Ligand SMILES: [Zn+2]
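Residue numbers (this note's numbering): 641 to 1009.
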């Protein structure tokens, strides 16, 4: 372990620069699952999962279900950012409106509803109590107390939070007590490191660094996940003393406002509005105090999108944000925010989540990808 910790910590830029070199040479007969990250960090990452590691992921997901008291045989419906951003089975078509999705929930009455909390709340608002699932499982972004309250109001149960990433899958999850985040320590080696890259002790806070233990297709060793977490220094309320996280500070997105309503930020990922997201190196979508939305982007070839393409993107955004003016702006560079994170989906029209999270009494929050 001492020697392991002398290995350099790598981050997403290394994976992006390596391109296909980051993927291991396929073994004969091995089935690969190509995936794209959702672009929630403003950049799209292409990687692969082997079928075996996808099966391991399923095994761990079943173990988490049982620890939550959720039977393996149950009907479920998952709401994800896009069809290829998850190793698990895809959910209902993401380009359908929340109203259509809510109608499907009301018709099919799944026992479990899962996915990105923003998308779930949108569906819940349209569902208006027509169906109450027995279990709600969320992941993919930080869930603050206000979001949990919205989920409870719409679905009538306390959500289970999950912390996962496209790179290594399920990292940590809440058990039936919905207290600490149990680390999936037989699947992913998770470290929490300080600014110098040194692992912190129990109770310490730092950057999440992961090593996939069953991920031969895109091997990742000491990979900085881009989230912050606090290691637990006590047992979970369920009695488990195995390694766990007490708190997560991951991706934070804002609702975008439209006249008379709000729109989940995940419906605004550029990959859902542009046919070839790979031509974009980085982007940021911001809504100002007046409600106007500006898409700022950097292309890989340095040239602005051709006018007809830009126009299609603009009208696609305006269809998702009815009544909101949208403009596009090609730039050479998008600076990171003072926090060092690229805040690529930011609305100044609503109270930023960060401010709410700093409010007195804010409890544990969770995140994922
Ligand atoms: Zn527990």
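Glycine residues also receive a C-beta, built at the ideal position from the N, C-alpha and C atoms. Just so it is clear, the structure is predicted and the values come from calculations on it, not from any experiment.
Straight-line spacing of the CA atoms in residue 832 and residue 773 works out to 35 Å.
The Cβ-Cβ distance between residue 840 and residue 868 does not fall below 8 Å.
As summarised for the region 897-941, the continuous beta strand (DSSP E) elements at least 3 residues long and confined to that stretch are 901-903, 920-927 and 933-939, given in chain order.
When Cβ pairs closer than 8 Å are counted between the two stretches, the region 878-897 is seen to touch the region 772-786, the count reaching three or more. Note: residue 810 is bridge-paired with 804 in the DSSP secondary-structure output. Counting along the chain, residue 967 sits inside the beta strand (DSSP E) bounded by residues 966-970. Between residue 686 and residue 859, the beta carbon gap of about 15 Å keeps them out of contact (Cβ cut-off 8 Å).
Comparing alpha-carbon positions, the option among 960, 973 and 808 lying closest to residue 854 turns out to be 808. The alpha-carbon separation between residue 788 and residue 987 amounts to approximately 20 Å. In the displayed model, residue 695 falls within a helix according to three-state DSSP. Between residue 800 and residue 818, the C-beta spacing is below 8 Å. Counting along the chain, residue 739 sits inside the alpha helix (DSSP H) bounded by residues 738-748. Set against 7 Å, the gap from the CB of residue 740 to the closest heavy atom of ligand 1 is not smaller. Taking the Cα positions, residue 899 is about 48 Å away from residue 882. Residue 929 counts as exposed, since fewer than 16 other beta carbons sit within 10 angstroms of its beta carbon. Per DSSP, the continuous beta strand (DSSP E) segment holding residue 719 begins and ends at 716-719. Beta-carbon to beta-carbon, residue 705 and residue 712 are separated by about 6 Å, close enough to satisfy the 8 Å threshold.
Per the C-alpha coordinates, the member of 717, 838, 749 and 871 positioned closest to residue 642 is 838. Closest option to residue 861, judged by alpha-carbon separation, among 877, 828 and 884: 828.
For residue 833, the enclosing beta strand (DSSP E) stretches over residues 828-833.
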